[in-house]
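Take a look at the structure set out below.
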Amino acid sequence: MNVNALGLRSKLSAAIASAVVLMGMQSALADELKIAHFMPSMHPMDRGVMTPLAEEIDAATNGEVTMRIYPSGELGKGPVQQYKRVVTGVADIVFGIPEYTPRQFTKTGLVHIPGLFANGTEATNALWDNIGLIEDEFAQAKLLGLWANNPSVLITRDKPVHTLADMEGMKIRTPNPVMAALVEAWGGIPVSMPVPDVYNAMNTGVIDAVMIGPSGIRSYKLNETGKYVTTNIPSALDSFYLLMNKSSWDGLSDENKARLTELTGREISLRGAKAFYEAGQAGLKLAAYTGLELIEITPDAEAEFRSKMGPALTAVIDEKGKQSGSDAHAIVKALGGQ
Numbered sequence: 001m002n003v004n005a006l007g008l009r010s011k012l013s014a015a016i017a018s019a020v021v022l023m024g025m026q027s028a029l030a031d032e033l034k035i036a037h038f039m040p041s042m043h044p045m046d047r048g049v050m051t052p053l054a055e056e057i058d059a060a061t062n063g064e065v066t067m068r069i070y071p072s073g074e075l076g077k078g079p080v081q082q083y084k085r086v087v088t089g090v091a092d093i094v095f096g097i098p099e100y101t102p103r104q105f106t107k108t109g110l111v112h113i114p115g116l117f118a119n120g121t122e123a124t125n126a127l128w129d130n131i132g133l134i135e136d137e138f139a140q141a142k143l144l145g146l147w148a149n150n151p152s153v154l155i156t157r158d159k160p161v162h163t164l165a166d167m168e169g170m171k172i173r174t175p176n177p178v179m180a181a182l183v184e185a186w187g188g189i190p191v192s193m194p195v196p197d198v199y200n201a202m203n204t205g206v207i208d209a210v211m212i213g214p215s216g217i218r219s220y221k222l223n224e225t226g227k228y229v230t231t232n233i234p235s236a237l238d239s240f241y242l243l244m245n246k247s248s249w250d251g252l253s254d255e256n257k258a259r260l261t262e263l264t265g266r267e268i269s270l271r272g273a274k275a276f277y278e279a280g281q282a283g284l285k286l287a288a289y290t291g292l293e294l295i296e297i298t299p300d301a302e303a304e305f306r307s308k309m310g311p312a313l314t315a316v317i318d319e320k321g322k323q324s325g326s327d328a329h330a331i332v333k334a335l336g337g338q
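And the structure:
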């Protein structure tokens with residue numbers, strides 16, 4: 001091999017080595033954030049919120065910050081532990097449900113009071129308009145998103161619900177303590193369980209019905225477990241959070257903190273509410289398409305439900321006020337824009 005060829009080979013080797021070193025440095029400098037959630041990877045919150053956020057932060061930071069999503073409890077089973085996972089750093093970012101740890105989010109849970117909102121977008125804007133009233137409940141983590149879905153529907157296993165009397169003695173999975181109190185006031189038996197367990201519980205008769213946002217029909221295949229869906233019983237909506245570990249947040253550069261802030265907050269929260277609305281409409285269409293009967297109660301029946309739930313709601317708000325040491329009735333009034 002001649003001298004020129006050796007020189008060229010040497011320069012090429014040096015260039016390759018430099019490129020490898022540079023790639024290694026870039027890899028070392030990049031922050032990969034682990035996002036944990038408990039739903040299937042095709043869930044509307046993964047497809048509509050977390051995956052777009054991962055793509056957007058990668059683009060906004062030129063790859064300096066990346067996100068890897070761990071669905072279906074890959075970083076730990078049990079949605080009840082999501083808040084603990086983000087606080088302790090098992091995950092950098094988590095999607096979770098405040099009412100799985102209701103004592104931690106007593107004031108936030110007031111958004112679930114039935115009758116305050118017609119849809120999740122209204123509720124989400126109300127949360128962010130009044131964030132100063134509840135943000136101390138998220139002090140152990142960095143709040144990236146907080147939103148709501150649409151009011152729950154009632155999916156029943158083998159008995160239609162048209163009136164208050166139809167609910168007597170039914171074992172009903174409820175999404176939060178507010179709805180548990182109402183179901184009890186209506187004569188039903190409230191059952192608390194994580195939503196991933198509902199399918200088997202309905203199939204085996206452990207529960208007779210489930211109250212859930214309509215998006216859950218499709219996400220958890222609940223059209224396969226029930227025969228009837230009552231769509232307009234006065235019900236609460238659910239709330240959801242996207243939280244980041246404080247140390248993970250502090251580890252970002254100021255520039256990347258600013259970029260992540262621009263992509264989160266109210267903006268990502270309204271995206272979450274919209275995704276739930278669209279998924280809810282799709283869920284109701286799927287229920288009808290697969291043969292479930294969709295029921296709307298009459299105005300007289302609705303009035304009976306509302307009359308029975310009044311004292312229970314007052315008691316719930318009073319208790320949340322005691323738990324949080326706050327004026328819960330004033331927070332409800334502020335959230336409702338009254």
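The letter at position 70 of the sequence shown is residue 70 when you use this note's numbering, and the numbering goes up by one with no holes.
For every residue, glycine included, the Cβ atom is placed at its ideal position computed from N, Cα and C.
Being a predicted model, the structure only gives us computed values, none of them experimental.
Glu55 and Leu260 have their C-alpha atoms spaced approximately 12 angstroms apart. Only residues of its own chain outside the window of five on either side were considered, and among them Asp31, Ile57 and Asn256 have a CB closer than 6 angstroms to the CB of Val65, listed in chain order. Tyr228 and Val183 do not touch by the CB rule: their CB atoms are close to 16 angstroms apart, not below 8 angstroms. DSSP assignment within the segment 201 to 273 yields the following whole beta strand (DSSP E) runs of 3 residues or more, N-terminal first: 209 to 212, 228 to 230 and 239 to 245. Nearest to Val316 by C-alpha distance, out of Asp208, Gly109 and Asn150, is Gly109.
If you look at Asp31, you'll find it in the beta strand (DSSP E) that goes Asp31 to Ala36.
Nearest in C-alpha terms to Pro234, of all of Glu296, Leu146, Ala91 and Asp197, is Glu296. If you draw a straight line from the Cα of Ser326 to the Cα of Leu292, it is about 43 angstroms long. Contact between the segment 141 to 158 and the segment 65 to 82 is not established, with fewer than three Cβ pairs separated by less than 8 angstroms. Val332 and Ile212 have their C-alpha atoms spaced approximately 22 angstroms apart.
Note on geometry: alpha-carbon atoms of Gly187 and Thr156 lie some 15 angstroms from one another.
Counting only unbroken stretches of 4 or more residues, the alpha helix (DSSP H) elements lying wholly within the segment 119 to 180 are 120 to 129, in sequence order. Glu293 is bridged by DSSP to Tyr228. Under the criterion of beta carbons closer than 8 angstroms, Pro79 and Phe38 qualify as touching, at roughly 4 angstroms. Residue range Gln82 to Thr88 is occupied by the alpha helix (DSSP H) that includes Arg85, with no beta strand (DSSP E) assigned at that position. Pro40 is not bridged by DSSP to any residue. With contacts defined by Cβ atoms closer than 7 angstroms, Ser239 and Val86 do not form a contacting pair. Under the DSSP definition of a beta bridge, Tyr100 lacks any partner.
In this model, Arg103 and Met193 are separated by some 16 angstroms (Cα to Cα). By the criterion of a C-beta distance shorter than 7 angstroms, Ser215 is surrounded in its chain by Pro44, Asn149, Phe276, Ala279, Gly280 and Gly283, once the five residues flanking it on both sides are discounted. When only Cα atoms are considered, Tyr289 and Ile131 end up about 40 angstroms apart.
The residues Leu164, Ala185 and Trp186, in chain order, have a CB closer than 7 angstroms to that of Lys308 in the same chain once the five nearest residues on each side in sequence are set aside. Here DSSP, grouped into helix, strand and coil, assigns Pro79 to helix. Shown here, Pro196 sits in a helix according to DSSP, grouped into three states.
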